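Student: Submitted below is the structure of interest, expressed as structure tokens.
Residue numbers (our numbering): 6 to 100.
Okay, structure coming up:
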């Protein structure tokens with residue numbers, strides 16, 4: 006069993022962190038998520054460091070069967086497959 010958390014900028018996922026008895030691993034989501042975060046930050050006017058950093062938060066700690074690497078990869082893959090992003094003004098709106 007592994008514990009995991011998702012790091013978000015506002016509501017956009019960025020990273021999955023998982024840990025078990027053997028250690029901790031992190032898996033970064035695909036580049037399109039980071040591009041969407043940058044775009045959303047610019048549109049929100051969060052261009053200074055303080056405003057940008059204020060948007061980051063961890064989701065709740067959750068449990069899932071598997072090793073930390075398996076869980077981190079699986080959650081990252083699930084998020085990548087299920088989250089719609091585009092380069093439109095609203096990164097969650099379908100193109």
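Heads up, the beta-carbon is just placed ideally off N, CA and C, and yes, glycines get one too.
Since the model is a prediction, treat every value here as computed from it, not as a measurement.
Report yes if the CB atom of residue 9 is closer than 8 Å to the CB atom of residue 48, and no otherwise.
Tutor: For the 8 Å CB-CB criterion, residue 9 and residue 48 do not form a contact.
Student: Just to confirm my understanding: we take residue 14, look at its own chain, exclude 5 residues before and 5 after, and list those with CB closer than 6 Å. What are they?
Tutor: The answer, listed in chain order, is 42, 60 and 61.
Student: Ignore the nearest five residues each way along the sequence and tell me which others in residue 74's own chain have a CB closer than 7 Å to its CB.
Tutor: Result list for residue 74: 30, in chain order.
Student: Among 55, 45, 70 and 85, whose alpha-carbon lies nearest the alpha-carbon of residue 24?
Tutor: Closest by C-alpha distance to residue 24, out of 55, 45, 70 and 85, is 70.
Student: Sort 80, 22, 16 and 26 by Cα distance to residue 46 and report the nearest one.
Tutor: For residue 46, the closest of 80, 22, 16 and 26 by C-alpha to C-alpha distance is 16.
Student: What number of angstroms, rounded off, separates the C-alpha of residue 80 from the C-alpha of residue 89?
Tutor: In this structure, the CA atom of residue 80 is about 15 Å from the CA atom of residue 89.
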